[in-house]
Amino acid sequence: MNKPLKLLLVSTPVGPLGSGLGGGVELTVLNIATILRQRGYKITIVAPETSELESFSIVEIPGILQTLAQTQNRDDPVILSNNSVLTNLWNYAIKVADQYDIIVNFAYDWLPLFLTPFFKGKLIHLVSMSSLTDVMDQAVQNTIKQCPGSIAFYTQTQAETFGLKGGYFCLSSALKLSEYHFCKQPKNQLAWVGRISPEKGLEDAVIASARTGIPLLIMGKIQDQDYWQKIIQNNSQAPIEYLGFLSTDKLQEQLRQCRALVMTHRWIEAFGNVAIEALACGVPVISYRRGGPTEIIRDGVTGWLVEPDNINQLVNAIQKIDQIDRLACRQQAEREYSLEALGDRIEQWFFQVIS
Ligand code: UDP
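All letters in the sequence shown, in the order written, are residues 887 to 1241 by our numbering.
As structure tokens, this is what we get:
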């Protein structure tokens, strides 16, 4: 591209950046903004009030936070409350659209998809979760029909959940690798990292930890208190320790000292940023063979993929974790998940969109 583009990044309306409520998409916004700024793009980020994102200044928008799509039923209608931050974010974006070359949407919501063909300027979307509701599936399919190339997903597996045959881009994900440090000799402990919410299936990792007797460190935002309390009550003997929602620096410091990261999600994980964070520290990943992690983990080389919801297989995989070479994990992260590689993929997407 000849001249640096002016970009408006419109963040998720489910929580302020830095709160953890947005899950992996918060890290994605940071990483995309970082690599594109390094490459000379002019970046503006607009996000819910009280957002914080390292050295980026943010246009903060007030309003009621959006309901989490993963708590909705498949046939639920679109929800837009009075004074919704989603509506307010997009009112702002509409007003300033002609000042930007590209507007990138990070919300998993019907409204910005619906607006795509009517927008002044190029509106494109990173869809951050797999198919959850009929109304979103329809919106994704219509948007691709009307504006081919305007949607990117993290992974192929995720895109397929929307019943798509093509017309989209796969971005994968990335990390600032220098912030994650390789650890050759872990302690005898396992890690579980993520939002504590039913679709993440934490209870299976807790049971596996109890069965193997290997302590489990749990890190992440408690999004569903009742769910968390139930896990504690039902597993009072399990050797688990909850460390809270940690900053990236503290997170990697704990994670890297673990023998493995265990991923026990019940839904089709769109990507699973935590998997590449583990690999970047040299930590093998044991995951259910479901969604994004199946495209990340090299079975038997950088971790183990096991049958979904099968705790026996999870336990077996934990018992053979020392067969995995930790250096191979770090090397995979360096090869496939650097910010530079992500920057190249995004520029390819932009190039297609602009041309
Ligand atoms: N995370 C964090 N601190 C924690 C636990 C998790 O910052 O204590 C972040 C982690 O770095 C990752 C995100 O939470 O970026 C979880 O993203 P993932 O893609 O794994 O799942 P999602 O929440 O998007 O479903």
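By construction, the Cβ of each residue, glycine as well, lies at the ideal position given by its N, Cα and C atoms.
Quick caveat, the model's predicted, so the values are computed rather than measured.
Annotation for Asp987: Leu891 and Lys892 place their beta carbon closer than 6 Å to its own, counting only its chain and skipping 5 residues before and after.
Collapsing the DSSP output to three states places Tyr978 in a helix. DSSP places Ile931 inside the beta strand (DSSP E), whose first and last residues are Lys928 to Pro934.
The three-state reading of DSSP puts Phe1055 in strand, counting E and B together. Contact check between the stretch 1135-1153 and the stretch 893-905: fewer than three CB pairs, one atom from each, fall below 8 Å, which does not count as touching. Along the length of the stretch 1153-1202, whole alpha helix (DSSP H) runs at least 4 residues long occupy 1159-1166 and 1179-1182, reported in chain order.
Ala1146 is the residue among Leu939, Arg1176 and Ala1146 whose C-alpha sits nearest the C-alpha of Leu1165.
A check of alpha carbon separations from Thr1047 across Ser1083, Asp1135 and Gly1177 identifies Gly1177 as the nearest.
Shown here for Leu966: same chain residues with a beta carbon closer than 8 Å to its own, the five before and five after excluded, namely Leu972, Thr973 and Leu997 in chain order. By the Cβ-count criterion, Lys1051 is exposed, with fewer than 16 other Cβ atoms from all chains shown falling within 10 Å of its own Cβ. Within the stretch 904-959, the runs of alpha helix (DSSP H) at least 4 residues long that lie entirely inside it are, in chain order, 910-924. Taking the CA atoms as reference points, Gln1024 sits about 47 Å from Lys1070.
DSSP places Asn968 outside any beta strand (DSSP E), giving it a letter other than H or E. The C-beta separation of Ala1077 from Leu1141 comes to about 5 Å, placing the pair in contact by the 8 Å criterion. Rounded to whole angstroms, the separation of the alpha carbons of Phe1004 and Gln1199 is 50 Å. At least one heavy atom of ligand 1 sits closer than 8 Å to the Cβ of Ser1133.
Asn991 carries a strand assignment under DSSP once its states are collapsed to helix, strand and coil. The straight-line gap separating the alpha-carbon atoms of Glu1085 and Leu954 is approximately 12 Å. About 5 Å separates the Cβ atoms of Ala993 and Thr898, confirming a contact at the 8 Å cut-off. Contact check between the stretch 1185-1195 and the stretch 1131-1141: fewer than three CB pairs, one atom from each, fall below 8 Å, which does not count as touching.
Shortest gap from the CB of Ser1017 to any heavy atom of ligand 1: 8 Å or more. Residue pairing by DSSP places His1011 opposite Asn991 and Ile1037 in a beta bridge.
DSSP lists Lys928 as the beta-bridge partner residues of Lys892.
In the structure shown, the three-state DSSP call for Gly1130 is strand. Check the Cα spacing between Leu1225 and each of Gln1123, Leu895 and Leu913: the tightest is with Leu913. Between ligand 1 and Lys1062, a heavy atom-to-CB distance of less than 8 Å is absent.
Looking at the DSSP output, Val1079 bridges to Met1105.
Per DSSP, Ala1146 is one residue of the beta strand (DSSP E) stretching across Ala1146 to Met1149. Classified as exposed, Pro948 has fewer than 16 neighbouring CB atoms from the shown chains inside 10 Å of its CB.
Beta-bridge annotation (DSSP): Ser1224 is paired with Leu1061.
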